[in-house]
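Residue numbers (our numbering): 3 to 258.
1) Is the distance from the Cβ of residue 102 to the Cβ of residue 34 below 8 Å?
2) Going by DSSP, what residue range makes up the beta strand (DSSP E) through residue 210?
3) Nearest to residue 48 by CA position, among 56, 70, 64 and 37, is which residue?
4) Does DSSP put residue 177 in a helix, in a strand, or in coil?
5) Between which residues of its own chain and residue 32 is the CB-CB distance below 8 Å, once the five residues before and five after are set aside?
6) Quick check on residue 131: does DSSP put it in helix, strand or coil?
7) Classify residue 220: buried if its beta carbon has 16 or more other beta carbons within 10 angstroms, exposed otherwise.
8) Smallest Cα separation from residue 226: which of 184, 241 and 215?
9) Residue 52 by DSSP, collapsed to three states: which one?
10) Please check the pair residue 23 and residue 53, which I expect to be a contact at CB under 8 Å, by giving their CB distance rounded to whole angstroms.
11) Per the DSSP calculation, residue 222 is bridged to which residue(s)?
12) Are there 16 or more other CB atoms within 10 angstroms of the CB of residue 39, so buried, or fewer, so exposed?
13) Could you name the residues of the same chain whose beta carbon sits closer than 6 Å to that of residue 81, not counting the 5 residues immediately before and after it, in chain order?
14) Does residue 62 come out as helix, strand or coil in the three-state DSSP assignment?
Pasting the structure below:
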């Protein structure tokens with residue numbers, strides 16, 4: 003969450019150079035903290051950033067612009083919102099006057115007629131996170147950001163991810179793959195020859211477990227399960243190796 007604020011105040015500081023702008027920005031921040039109108043910077047829930055100021059000679063006024071960027075959990079947004087309201091109230095109460103000392107002179111920004119002319123809240127996620135449904139998240143292990151960087155997608159076969167903001171890492175060479183999608187570490191990469199895909203079905207009088215299409219290791223035993231009231235073909239067991247081309251199941255029917 004980021005809140006952009008613009009304040010107009012009295013004073014004759016011209017803000018012509020970076021040094022003066024830094025002095026004014028620091029003076030305003032310190033004053034707001036001292037009077038209790040800016041808590042989030044001291045509690046490390048936000049940063050006082052992007053400060054700029056400009057002087058209007060005709061109106062003899064200073065325009066101060068700054069952003070409060072939230073850096074903690076979105077659950078702490080209430081702290082930031084509370085500070086914005088306190089800053090507004092302080093401006094109305096005329097108690098934000100502060101002074102600075104430039105190389106040329108001592109200057110006072112009285113803020114006697116200060117008013118917050120803009121307080122716009124923007125949802126801005128911390129670095130290496132994305133916003134989905136108004137919530138800042140990082141991708142879970144086994145996922146990566148899509149190309150549009152607006153959603154997390156599962157790592158494909160042959161890749162893995164520890165999560166966060168990075169892309170899925172491919173297995174170290176082309177002879178390796180993963181048994182499942184969504185692998186979370188490099189140890190999930192195994193030789194492709196260790197993987198077996200349970201065969202397709204032409205006609206089925208029963209089911210397999212794991213089911214057809216499952217990626218399993220070669221040593222996995224496939225179990226045939228017949229519907230209630232039927233039995234496995236006489237003389238044929240109900241446990242098979244994954245690499246069989248056909249599996250006899252339920253009343254002599256075959257599927258492959």
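The beta-carbon is built from N, C-alpha and C at its ideal position, and this holds for glycine as well.
On the basis of the data shown:
1) Translated into positions along the chain shown, residue 102 becomes position 100. Translated into positions along the chain shown, residue 34 becomes position 32. Not closer than 8 Å, so no.
2) In the chain shown, the residue the question calls residue 210 occupies position 208. Residues 209-211.
3) Numbered from its first residue, the chain shown carries residue 48 at position 46. Minimum Cα distance to residue 48 is reached at 70.
4) Working through the chain shown from its first residue, we reach residue 177 at position 175. The answer is coil: DSSP assigns residue 177 none of H, G, I, E or B.
5) The sequence position of residue 32 within the chain shown is 30, counting from 1. Correct list, in chain order: 100.
6) For this step, residue 131 is matched to residue 129 along the chain shown. Correct three-state label for residue 131: coil.
7) Looking up residue 220 in the chain shown gives position 218. Exposed, since its Cβ has fewer than 16 Cβ neighbours within 10 Å.
8) Stepping through the chain shown from its first residue, residue 226 is reached at position 224. Out of 184, 241 and 215, 241 has the C-alpha closest to the C-alpha of residue 226.
9) Numbered from 1 along the chain shown, position 50 holds the residue referred to as residue 52. If DSSP states are grouped into helix, strand and coil, residue 52 belongs with the strands.
10) Taking the first residue of the chain shown as position 1, residue 23 is located at position 21. Taking the first residue of the chain shown as position 1, residue 53 is located at position 51. Cβ atoms of residue 23 and residue 53 come within 8 Å of each other, at about 7 Å.
11) Counting from one through the chain shown, the residue named residue 222 turns up at place 220. Per DSSP, none; premise fails for residue 222.
12) Numbered from 1 along the chain shown, position 37 holds the residue referred to as residue 39. Counting the other CB atoms within 10 Å of its CB gives residue 39 a total of 16 or more, which places it among the buried residues.
13) For the purposes of this step, residue 81 is taken as the residue at position 79 of the chain shown. Excluding positions up to five away in sequence, the list reads 42 and 47.
14) Here residue 62 is taken as the residue at index 60 of the chain shown, counted from 1. The answer is coil: DSSP assigns residue 62 none of H, G, I, E or B.
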